[in-house]
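Numbering (this note's numbering), first residue to last: 213 to 500. Beta carbons are placed, not taken as given, at the ideal position from N, Cα and C, and that holds for glycine. Keep in mind that this is a model prediction, so the values were computed, not measured.
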Ligand code: MN
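As structure tokens, this is what we get:
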């Protein structure tokens, strides 16, 4: 199943993706006499109970528009946590001239950094060295703590495509990365979430990033140093994970930072991120 959030006026609506079409979940539920929450986080938390209703809505529901003519929002617009893993692909750690980490390098972003598919993202005046990072994002499915490794993937609701945009000059100006990472709009996510049952093994997905149509990143989640299961289990040992929490699991090689000639991103650039089975997330950069 594929779920999205789209904008209507100043609010959000929940959508079910059927091919290129988006079905309006709340309107359809009312028409069909079904009970389904109207917000992504609540649907994720209630998924075992409302899955059957969603399947019926997917089949018979009212179409609100298409993925291209609706204004998509980040699929989870208001997560409690956005957790990120740095240097989590072998070849990316090498190109960054950093040692392969012996434990995961975590940092955080906040909801201000989220953007939807198709949103324009402003480069702040202060940022000079803006870079892209295509990433597999895991969406937590249930409240959990101390999840054993072998049960960790069971705590994942689904997956989406993310782009961990980074201003390298600001990221590296001190030992903590937050200043170059937590920028408004610098964590686009989407276009939708694909439920874990449809994704299968998250460690064998191809992922690619195109800058203005030119292929820049082309790798597989098989190159991750710490697997999705390891990361979820590890994080759950120190914090309660909540439905809708987002985990950006790191980027493969091919970022601008790792290139001989570093031509940083600029207003007008278009970034397209793709992950096998998860669709294509496109965003354009603009002047602040
Ligand atoms: Mn990253």
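Report all residues from its chain with a CB closer than 8 Å to the CB of residue i; omit the five preceding and five following residues, and keep chain order.
| i | result |
| --- | --- |
| residue 457 | 291, 292, 293, 294, 295, 351, 352 |
| residue 442 | 316, 361, 364 |
| residue 367 | 352, 353, 354, 356, 359, 444, 448, 453 |
| residue 234 | 216, 218, 227, 228, 275, 276, 277, 278, 279, 282 |
| residue 272 | 240, 244 |
| residue 336 | 379, 395, 396, 500 |
| residue 323 | 289, 290, 291, 294 |
Which residues in the same chain have their Cβ closer than 7 Å to the Cβ of residue i, if we skip the five residues on either side of it in sequence?
| i | result |
| --- | --- |
| residue 490 | 371, 372, 373, 406 |
| residue 449 | 358 |
| residue 266 | 213, 228, 248 |
| residue 309 | none |
Rounding to the nearest angstrom, what Cα-Cα distance links residue i and residue j in this structure?
| i | j | result |
| --- | --- | --- |
| residue 196 | residue 462 | The structure shown does not extend to residue 196, since the chain is modelled only from 213 through 500, so no value can be given for it. |
| residue 247 | residue 257 | 14 Å |
| residue 472 | residue 302 | 19 Å |
| residue 306 | residue 312 | 7 Å |
| residue 435 | residue 375 | 18 Å |
| residue 238 | residue 269 | 9 Å |
| residue 451 | residue 478 | 37 Å |
| residue 474 | residue 381 | 12 Å |
| residue 263 | residue 339 | 44 Å |
| residue 318 | residue 242 | 42 Å |
| residue 236 | residue 304 | 40 Å |
| residue 438 | residue 343 | 23 Å |
| residue 392 | residue 496 | 19 Å |
| residue 251 | residue 476 | 37 Å |
| residue 430 | residue 469 | 16 Å |
| residue 404 | residue 300 | 23 Å |
DSSP three-state label for residue i, please.
| i | result |
| --- | --- |
| residue 524 | This structure leaves residue 524 out entirely; the chain is present only between 213 and 500. |
| residue 445 | helix |
| residue 294 | strand |
| residue 302 | helix |
| residue 474 | coil |
| residue 383 | helix |
| residue 244 | helix |
| residue 499 | strand |
| residue 479 | coil |
| residue 315 | coil |
| residue 260 | helix |
| residue 376 | coil |
| residue 309 | coil |
Excluding sequence positions up to five away, which residues of its chain have a Cβ less than 6 Å from the Cβ of residue i?
| i | result |
| --- | --- |
| residue 334 | 498, 500 |
| residue 255 | 249 |
| residue 397 | 327, 333 |
| residue 224 | 217, 285, 289 |
| residue 432 | 418 |
| residue 428 | 421, 466 |
| residue 399 | 321, 325, 326 |
| residue 232 | 278, 279 |
Practice task
Inspect the CB distances between the region 364–384 and the region 409–419 and report whether three or more fall short of 8 Å.
Solution key: Touching, yes, given that three or more Cβ pairs across the two stretches are closer than 8 Å.
Problem - Within 5 Å of the ligand MN: residues by beta-carbon to any heavy atom - result: That query returns the following residues: 345, 376, 463.
Exercise for the section: Say whether the region 462–480 touches the region 333–351, bearing in mind that this needs 3 or more beta-carbon pairs closer than 8 Å, one atom from each stretch. Expected result: In short, these stretches touch, since the Cβ pair count reaches three.
Practice task
Mind the definition here: the region 421–436 touches the region 474–485 only if three or more C-beta pairs lie below 8 Å; say whether that holds.
Solution key: As far as the Cβ criterion goes, the region 421–436 touches the region 474–485, which means the pair count is three or higher.
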